[in-house]
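Asks: For reference, the structure I am asking about is given below.
2 protein chains.
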Amino acid sequence: MSDLTDTIVALSTPPGQGAIGVIRLSGPKAIEISDKVFHGRNLTKVEGHTVHYGKIKDEEGRVIDECLATVFKAPRSYTKEDMVEISCHGSPYILEQVIQLLLRGGARQANKGEFTLRAFLNGQMDLSQAEAVADLIASEGAASHELAMNQMRGGFSDEIRKLRQELIDFAALIELELDFGEEDVEFADRGKLENLVAEIQAVIRKLINSFQLGNVIKNGVATVIAGRPNAGKSTLLNALLNEDRAIVSDIAGTTRDTIEEGLNIKGIQFRLIDTAGIREAQSQIEQLGVDKTMQKISQSTLVIYLFDVTVSKPGDLWEDVDRFLDASKVITANSRQIFVANKMDLNPYTRPEDYYKEGLIAYDNLVTISAKNMMNIEYLKDRLYEAVIKTPDLNDQTIVSNNRHYDALYKSNEALDRVMAGLKGGITGDFIAMDIRQALHHLGEITGQIYTDDLLDSIFGRFCIGK
Amino acid sequence: MSDLTDTIVALSTPPGQGAIGVIRLSGPKAIEISDKVFHGRNLTKVEGHTVHYGKIKDEEGRVIDECLATVFKAPRSYTKEDMVEISCHGSPYILEQVIQLLLRGGARQANKGEFTLRAFLNGQMDLSQAEAVADLIASEGAASHELAMNQMRGGFSDEIRKLRQELIDFAALIELELDFGEEDVEFADRGKLENLVAEIQAVIRKLINSFQLGNVIKNGVATVIAGRPNAGKSTLLNALLNEDRAIVSDIAGTTRDTIEEGLNIKGIQFRLIDTAGIREAQSQIEQLGVDKTMQKISQSTLVIYLFDVTVSKPGDLWEDVDRFLDASKVITANSRQIFVANKMDLNPYTRPEDYYKEGLIAYDNLVTISAKNMMNIEYLKDRLYEAVIKTPDLNDQTIVSNNRHYDALYKSNEALDRVMAGLKGGITGDFIAMDIRQALHHLGEITGQIYTDDLLDSIFGRFCIGK
Numbered sequence: 039m040s041d042l043t044d045t046i047v048a049l050s051t052p053p054g055q056g057a058i059g060v061i062r063l064s065g066p067k068a069i070e071i072s073d074k075v076f077h078g079r080n081l082t083k084v085e086g087h088t089v090h091y092g093k094i095k096d097e098e099g100r101v102i103d104e105c106l107a108t109v110f111k112a113p114r115s116y117t118k119e120d121m122v123e124i125s126c127h128g129s130p131y132i133l134e135q136v137i138q139l140l141l142r143g144g145a146r147q148a149n150k151g152e153f154t155l156r157a158f159l160n161g162q163m164d165l166s167q168a169e170a171v172a173d174l175i176a177s178e179g180a181a182s183h184e185l186a187m188n189q190m191r192g193g194f195s196d197e198i199r200k201l202r203q204e205l206i207d208f209a210a211l212i213e214l215e216l217d218f219g220e221e222d223v224e225f226a227d228r229g230k231l232e233n234l235v236a237e238i239q240a241v242i243r244k245l246i247n248s249f250q251l252g253n254v255i256k257n258g259v260a261t262v263i264a265g266r267p268n269a270g271k272s273t274l275l276n277a278l279l280n281e282d283r284a285i286v287s288d289i290a291g292t293t294r295d296t297i298e299e300g301l302n303i304k305g306i307q308f309r310l311i312d313t314a315g316i317r318e319a320q321s322q323i324e325q326l327g328v329d330k331t332m333q334k335i336s337q338s339t340l341v342i343y344l345f346d347v348t349v350s351k352p353g354d355l356w357e358d359v360d361r362f363l364d365a366s367k368v369i370t371a372n373s374r375q376i377f378v379a380n381k382m383d384l385n386p387y388t389r390p391e392d393y394y395k396e397g398l399i400a401y402d403n404l405v406t407i408s409a410k411n412m413m414n415i416e417y418l419k420d421r422l423y424e425a426v427i428k429t430p431d432l433n434d435q436t437i438v439s440n441n442r443h444y445d446a447l448y449k450s451n452e453a454l455d456r457v458m459a460g461l462k463g464g465i466t467g468d469f470i471a472m473d474i475r476q477a478l479h480h481l482g483e484i485t486g487q488i489y490t491d492d493l494l495d496s497i498f499g500r501f502c503i504g505k
Numbered sequence: 039m040s041d042l043t044d045t046i047v048a049l050s051t052p053p054g055q056g057a058i059g060v061i062r063l064s065g066p067k068a069i070e071i072s073d074k075v076f077h078g079r080n081l082t083k084v085e086g087h088t089v090h091y092g093k094i095k096d097e098e099g100r101v102i103d104e105c106l107a108t109v110f111k112a113p114r115s116y117t118k119e120d121m122v123e124i125s126c127h128g129s130p131y132i133l134e135q136v137i138q139l140l141l142r143g144g145a146r147q148a149n150k151g152e153f154t155l156r157a158f159l160n161g162q163m164d165l166s167q168a169e170a171v172a173d174l175i176a177s178e179g180a181a182s183h184e185l186a187m188n189q190m191r192g193g194f195s196d197e198i199r200k201l202r203q204e205l206i207d208f209a210a211l212i213e214l215e216l217d218f219g220e221e222d223v224e225f226a227d228r229g230k231l232e233n234l235v236a237e238i239q240a241v242i243r244k245l246i247n248s249f250q251l252g253n254v255i256k257n258g259v260a261t262v263i264a265g266r267p268n269a270g271k272s273t274l275l276n277a278l279l280n281e282d283r284a285i286v287s288d289i290a291g292t293t294r295d296t297i298e299e300g301l302n303i304k305g306i307q308f309r310l311i312d313t314a315g316i317r318e319a320q321s322q323i324e325q326l327g328v329d330k331t332m333q334k335i336s337q338s339t340l341v342i343y344l345f346d347v348t349v350s351k352p353g354d355l356w357e358d359v360d361r362f363l364d365a366s367k368v369i370t371a372n373s374r375q376i377f378v379a380n381k382m383d384l385n386p387y388t389r390p391e392d393y394y395k396e397g398l399i400a401y402d403n404l405v406t407i408s409a410k411n412m413m414n415i416e417y418l419k420d421r422l423y424e425a426v427i428k429t430p431d432l433n434d435q436t437i438v439s440n441n442r443h444y445d446a447l448y449k450s451n452e453a454l455d456r457v458m459a460g461l462k463g464g465i466t467g468d469f470i471a472m473d474i475r476q477a478l479h480h481l482g483e484i485t486g487q488i489y490t491d492d493l494l495d496s497i498f499g500r501f502c503i504g505k
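First to last, the sequence lines map onto chains P and Y.
The numbering of the first sequence is this note's numbering, which starts it at 39 and goes up by one.
The numbering of the second sequence is this note's numbering, which starts it at 39 and goes up by one.
Here it is as structure tokens:
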């Protein structure tokens with residue numbers, strides 16, 4: 039996968055008809071191969087970062103398209119190689135013809151993510167930055183976008199590199215001792231070493247802990263809306279979605295599970311799961327759908343329990359909630375419950391505190407609304423946001439959102455635990471050095487200072503073709 | 039629709055996730071508006087046809103994307119206006135954010151085809167060329183692609199302009215006579231005038247006649263495959279599709295009717311309609327499907343009637359064909375029938391001539407094959423091609439493929455018929471001049487020398503956004 043000697047080509051814009059489609063080439067012969075089929079200016083003689091109008095002709099001289107060719111010269115390109123972007127009319131037929139022509143001309147069909155792989159291998163970006171490119175493209179909301187953008191621009195990499203450097207310095211001290219091993223010299227004060235490891239671990243643990251938030255930002259917050267029939271679930275759903283629905287549906291390619299609606303609150307994507315369908319299963323096939331919903335509910339992060347203040351007395355509510363929690367198997371440890379008293383406009387003198395129940399309902403998780411009149415809906419949104427994001431400013435911190443990074447940090451931390459135990463237990467330097475190398479190895483995997491072909495395959499295999 | 043004073047913006051690549059997405063701006067403030075959000079080189083100061091790397095930032099300074107901006111300066115651009123193309127990461131979320139930012143910056147969302155409309159209004163291309171842009175994007179095979187490409191590059195326009203010029207010269211002579219009307223002068227020899235009109239009409243009629251072919255090339259050849267069960271229809275279908283299926287399915291966005299398969303023969307698209315489903319209708323809903331199929335069959339251009347030589351004796355075949363033609367209501371005048379004798383490998387001594395029937399089956403429409411062994415399949419394809427395309431070289435002629443052009447040519451020809459009748463009947467010059475103006479008007483509609491806003495709306499409304 040990591041052969042850099044050939045020239046790769048792929049369609050880089052989404053498939054299908056459009057105004058324009060862009061074909062990308064990268065590699066030592068990108069300009070030469072393009073020039074053979076491009077009739078206009080001689081592309082081998084133009085400057086980098088210039089655009090040229092011309093015709094693409096096949097071997098028999100037939101005009102396949104009129105197009106624009108943009109030339110990038112190594113190392114000033116995405117891949118740090120010579121690159122050409124050919125902007126054609128957005129006809130799948132034409133794009134296919136042009137790609138086949140370029141393949142016959144000596145290019146090779148690019149694998150998934152191979153342009154970015156080359157950018158990585160050529161030192162344009164490190165591995166976690168490359169991964170952020172895919173996250174960036176997949177980002178659907180402001181927060182996941184910001185997370186990916188920060189990571190792509192190297193914020194996370196800087197932090198890891200700093201940690202790694204500190205560990206390397208630490209390792210140097212230990213290894214120096216090993217060189218003098220027989221003489222039983224201790225160059226490094228053990229107490230100071232412990233402090234250093236503790237500091238490094240504190241940072242790593244902070245990063246590990248940020249993963250829960252990072253995961254929520256990246257994948258959205260699974261939010262179940264529960265409650266009796268006629269509590270006003272649909273009205274609440276509509277009230278919550280009110281402004282966002284148009285924007286969401288504008289984004290083409292948004293796939294939506296039938297029972298889920300997406301709601302964006304301050305950039306965090308909430309996936310609202312309606313439980314209305316649960317009661318209605320009549321056939322076996324329907325039951326399968328219900329089972330799937332129940333599974334989603336049990337894995338949810340947030341439960342909105344809605345009740346109608348004109349109907350549900352406190353005792354009813356408590357009973358309903360107990361039954362729901364029991365039936366839905368919500369793992370309460372993973373979920374937060376927000377109780378929403380609806381139809382307050384019809385019962386304005388309802389006393390919310392009557393519904394309080396120790397360990398379940400209190401001031402901080404009970405919200406009174408009227409979904410129909412849009413009363414307190416914005417307040418409810420704030421509460422939903424706060425229930426998930428306790429940090430006021432996402433900009434102030436590095437957040438881990440990638441499973442692979444989490445795993446590497448976790449393993450690195452384990453190795454450092456052993457280092458710490460070794461230091462405290464007076465274990466000899468060579469064992470400590472081994473664990474430090476282990477920790478270094480895992481941190482290096484994050485930025486790609488250490489990698490295997492399998493790792494690259496698995497990372498770039500998730501990219502789209504042409505990126 | 040034809041306001042050129044504002045600056046338009048649209049996504050020009052297909053919607054959905056991809057490696058890159060391109061946003062286009064055109065208009066007097068295209069560069070200024072882009073420069074406000076683009077942080078890198080000052081775009082207002084760079085040369086045209088250059089590409090620049092930078093960051094797109096929103097009003098609060100948040101980085102929305104790292105991108106490439108290409109600047110085109112009027113009149114050296116597609117629209118002949120200042121243009122900017124911003125190549126972003128192919129995330130629908132990012133593209134939406136960037137477009138909204140540009141809209142807030144003073145651009146307006148472009149209507150369908152508005153970039154090409156501006157190219158037309160600014161004299162970059164005439165109307166038939168603009169229409170060819172849409173045809174080019176929609177082209178799915180070599181022939182329709184070539185047709186659109188020729189038209190876009192002005193071949194058809196040249197022909198129409200030449201005709202129009204000849205008519206204008208002719209009109210000048212007639213109008214000159216009118217100026218001297220009272221004196222009963224005839225500047226133009228009536229015989230020579232008749233010859234001139236006849237010549238012009240000959241060209242127009244040739245264009246009109248080319249429409250049938252043009253339509254077939256553009257929309258494909260509806261081809262019905264009929265025959266008894268077990269005649270080998272599926273095997274034939276697979277044999278015919280053998281090489282092409284992979285290529286067809288490679289092209290994303292190809293929509294396919296469930297009962298139709300596309301087959302490309304020498305660049306002509308044949309839409310193969312399987313009649314297998316006809317017999318199987320059991321419910322009312324199925325019957326609706328069958329009715330639709332029958333309708334397609336009755337409108338088909340070609341019927342492949344397949345029979346099994348090991349089973350169907352000549353008498354059986356004739357009877358079957360009669361029954362099929364009767365039941366399917368194929369308008370025989372519109373369709374050509376090709377009879378295909380299958381399973382010749384099992385009955386190699388079959389004498390094809392035994393199946394001949396006057397006015398129905400003869401040497402030139404009977405093909406013997408073995409679908410299973412791929413015997414004579416290429417020959418059958420040649421025969422299918424020849425049944426539709428009688429012209430050996432499509433390059434040698436101008437072919438009309440657009441309904442609107444056909445209509446205009448037809449009306450122009452009608453007007454010229456009246457001119458001819460007038461000349462022959464000795465009608466006075468002013469009536470003849472009126473009909474000539476009529477003919478000129480219709481020809482002018484084709485190239486857009488004459489147009490209305492409604493016409494532009496209807497033409498460009500069929501374009502995609504961003505073109």
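All residues carry an ideal CB built from backbone N, CA and C; glycine is no exception.
This structure is a prediction, so every number in the text was calculated from the model and none was measured.
For Leu481(Y) versus Leu201(Y), is the C-beta spacing smaller than 8 angstroms?
Replies: Here residue 481(Y) refers to the residue found at position 443 when the second sequence is read from its first residue. Here residue 201(Y) refers to the residue found at position 163 when the second sequence is read from its first residue. In contact: Leu481(Y) and Leu201(Y) (Cβ atoms closer than 8 angstroms).
Asks: Can you give me the Cβ contacts of Val241(Y) inside the same chain, cut-off strictly under 7 angstroms, excluding the 5 residues immediately before and after it?
Replies: Residue mapping note: residue 241(Y) aligns to position 203 of the second sequence, counting from 1. Cβ within range, chain order: Leu201.
Asks: Taking Gly56(P) as the reference, give the member of Ser50(Y), Gly59(Y) and Ala57(Y) with the closest Cα.
Replies: Working through the first sequence from its first residue, we reach residue 56(P) at position 18. Among Ser50(Y), Gly59(Y) and Ala57(Y), the Cα nearest to that of Gly56(P) belongs to Ser50(Y).
Asks: Would you mind working out which of Asp492(P), Ala471(P) and Glu483(P) sits nearest Glu215(P), comparing C-alpha positions?
Replies: Counted from its first residue, the first sequence places residue 215(P) at position 177. Looking at the Cα atoms, Ala471(P) is the closest of the given residues.
Asks: Assign Asp364(P) to buried or exposed, taking buried as 16 or more other Cβ atoms, counted over all protein chains shown, within 10 Å of its Cβ.
Replies: Locating residue 364(P) in the first sequence gives position 326, counting from the first residue. Classification for Asp364(P): exposed.
Asks: Contact between the segment 114-133 of chain P and the segment 59-70 of chain P: three or more CB pairs below 8 angstroms?
Replies: With a cut-off of 8 angstroms, the segment 59-70 of chain P and the segment 114-133 of chain P count as touching, because enough Cβ pairs lie within range.
Asks: Compare the C-beta of Tyr131(Y) with all C-beta atoms of chain P and state if any pair is closer than 8 angstroms.
Replies: Here residue 131(Y) is taken as the residue at index 93 of the second sequence, counted from 1. Yes, its Cβ sits closer than 8 angstroms to a Cβ of chain P.
Asks: I'd like to check one pair, Thr261(P) with Ile198(P): are the Cβ atoms closer than 8 angstroms?
Replies: For the purposes of this step, residue 198(P) is taken as the residue at position 160 of the first sequence. For the purposes of this step, residue 261(P) is taken as the residue at position 223 of the first sequence. No; because the gap between Cβ atoms is not below 8 angstroms, this pair is not in contact.
Asks: In its own chain, which residues sit with a C-beta less than 6 angstroms from the C-beta of Ile399(Y), not counting the 5 before and 5 after it?
Replies: Locating residue 399(Y) in the second sequence gives position 361, counting from the first residue. Closer than 6 angstroms at the Cβ level, and outside the excluded window around Ile399(Y), lie Phe377 and Tyr393.
Asks: Going by DSSP, what residues sit across from Val136(Y) in a beta bridge?
Replies: Position 98 of the second sequence, counted from the first residue, corresponds to residue 136(Y). DSSP output for Val136(Y) lists no bridge partner at all.
Asks: Along the chain, where does the alpha helix (DSSP H) that runs through Ala57(Y) open and close?
Replies: Along the second sequence, read from residue 1 onward, the residue named residue 57(Y) stands at position 19. Element bounds for Ala57(Y): not the alpha helix (DSSP H) but the beta strand (DSSP E), Gly56 to Ser64.
Asks: Using a beta-carbon distance below 8 angstroms, is Leu398(Y) in contact with chain P?
Replies: As a first step, residue 398(Y) must be located in the second sequence, where it is residue number 360. No - not a single Cβ of chain P is within 8 angstroms of the one on Leu398(Y).
Asks: Could you tell me whether the Cβ atoms of Ile175(P) and Cys126(P) are closer together than 8 angstroms?
Replies: By 1-based counting over the first sequence, the position of residue 175(P) is 137. By 1-based counting over the first sequence, the position of residue 126(P) is 88. Cβ atoms of Ile175(P) and Cys126(P): not closer than 8 angstroms.
Asks: Where Met190(P) and Val101(Y) are concerned, what is the direct C-alpha to C-alpha distance, given to the nearest angstrom?
Replies: Start at 1 with the first residue of the first sequence, and residue 190(P) comes out as number 152. Start at 1 with the first residue of the second sequence, and residue 101(Y) comes out as number 63. Cα to Cα, Met190(P) sits roughly 11 angstroms from Val101(Y).
Asks: Using a Cβ-Cβ cutoff of less than 6 angstroms, which residues in the same chain neighbour Met412(P) once the five nearest sequence positions on both sides are dropped?
Replies: As a first step, residue 412(P) is located in the first sequence; it is residue number 374 there, counting from the start. Cβ neighbours of Met412(P) beyond the five flanking positions: Ala277.
Asks: Check each candidate in Phe469(P), Gln476(P), Phe208(P) and Gln435(P) and name the one with the smallest Cα separation from Glu452(P).
Replies: By 1-based counting over the first sequence, the position of residue 452(P) is 414. Of the candidates Phe469(P), Gln476(P), Phe208(P) and Gln435(P), the one whose C-alpha sits nearest the C-alpha of Glu452(P) is Gln476(P).
Asks: Output the distance between the C-alpha atoms of Glu299(P) and Ser366(Y), rounded to the nearest integer angstrom.
Replies: For the purposes of this step, residue 299(P) is taken as the residue at position 261 of the first sequence. For the purposes of this step, residue 366(Y) is taken as the residue at position 328 of the second sequence. Using only the alpha carbons, I get a separation of about 48 angstroms.
Asks: Starting from Ile238(Y), trace the alpha helix (DSSP H) in both directions and tell me its first and last residue.
Replies: As a position in the second sequence, residue 238(Y) is number 200, starting the count at 1. It spans Arg228 to Asn257 - the alpha helix (DSSP H) in which Ile238(Y) sits, taken as one unbroken run.
Asks: Does the beta carbon of Lys505(Y) sit closer than 8 angstroms to a beta carbon anywhere in chain P?
Replies: As a position in the second sequence, residue 505(Y) is number 467, starting the count at 1. For Lys505(Y), the answer is yes, since a Cβ of chain P falls inside 8 angstroms of its Cβ.
Asks: Who does Phe498(P) pair with in a DSSP beta bridge?
Replies: Sequence index remark: in the first sequence, residue 498(P) carries index 460 (1-based). Answer is none; Phe498(P) lacks a bridge partner.
Asks: Since Ile255(P) and Leu185(P) are thought to touch, with beta carbons under 8 angstroms apart, how far apart are those beta carbons, to the nearest angstrom?
Replies: Sequence index remark: in the first sequence, residue 255(P) carries index 217 (1-based). Sequence index remark: in the first sequence, residue 185(P) carries index 147 (1-based). That pair is a contact at about 5 angstroms.
Asks: Is the CB of Ser350(Y) under 8 angstroms away from at least one CB in chain P?
Replies: Counting from one through the second sequence, the residue named residue 350(Y) turns up at place 312. False, the Cβ-Cβ gap to chain P never drops below 8 angstroms.
Asks: Who are His77(Y)'s beta bridge partners in DSSP?
Replies: If you number the second sequence from 1, residue 77(Y) lands on position 39. Paired residues: Lys93(Y).
Asks: For Thr108(P) and chain Y, any beta-carbon pair shorter than 8 angstroms?
Replies: Start at 1 with the first residue of the first sequence, and residue 108(P) comes out as number 70. At least one chain Y Cβ lies under 8 angstroms of Thr108(P).
Asks: Kindly give me the distance between the Cβ atoms of Thr108(P) and Val89(Y), rounded to whole angstroms, as I take these residues to be in contact under 8 angstroms.
Replies: Within the first sequence, numbered from 1, the residue matching residue 108(P) stands at position 70. Within the second sequence, numbered from 1, the residue matching residue 89(Y) stands at position 51. Indeed they touch by this definition, with Cβ atoms about 5 angstroms apart.
Asks: Tell me, please, whether the CB atom of Leu155(Y) is closer than 8 angstroms to any CB atom in chain P?
Replies: Residue mapping note: residue 155(Y) aligns to position 117 of the second sequence, counting from 1. Closer than 8 angstroms: no.
Asks: Listing by chain order, which chain Y residues have their CB less than 8 angstroms from the CB of Ala176(P)?
Replies: Counted from its first residue, the first sequence places residue 176(P) at position 138. Residues of chain Y passing the Cβ test: Gln55 and Ser129.
Asks: What residues in its chain sit with their C-beta under 7 angstroms from that of Ala170(Y), if we drop five residues either side in the sequence?
Replies: Stepping through the second sequence from its first residue, residue 170(Y) is reached at position 132. If we look at Ala170(Y) and ignore the five residues flanking it on each side, its Cβ neighbours are Ala186, Gln189 and Met190.
Asks: Going along the chain, which residues of the segment 405-416 of chain P sit with their C-beta nearer than 8 angstroms to a C-beta in chain Y?
Replies: Listed by position, the residues of the segment 405-416 of chain P near chain Y (Cβ gap below 8 angstroms) amount to none.
Asks: Is the beta carbon of Leu344(P) sitting closer than 8 angstroms to the one on Ile263(P)?
Replies: Along the first sequence, one-based indexing puts residue 344(P) at 306. Along the first sequence, one-based indexing puts residue 263(P) at 225. Closer than 8 angstroms, so yes.
Asks: Which same chain residues, not among the five before or five after Thr490(Y), have their C-beta less than 6 angstroms away from its C-beta?
Replies: Here residue 490(Y) corresponds to residue number 452 of the second sequence, with the count starting at 1. Nothing meets the Cβ criterion.
Asks: Hey, could you find the ends of the beta strand (DSSP E) Thr406(Y) is sitting in?
Replies: As a position in the second sequence, residue 406(Y) is number 368, starting the count at 1. That run of the beta strand (DSSP E) goes Leu404 to Thr406.
Asks: Ignoring anything shorter than 3 residues, give me the beta strand (DSSP E) runs that lie fully in the segment 332-397 of chain P, in order along the chain.
Replies: Listed in chain order, they are 340-346 and 374-380.
Asks: Going by DSSP, name the residue or residues bridged to Asp312(Y).
Replies: The residue given as residue 312(Y) occupies position 274 in the second sequence. The partner list for Asp312(Y) (beta bridge, DSSP) reads Ile263(Y).
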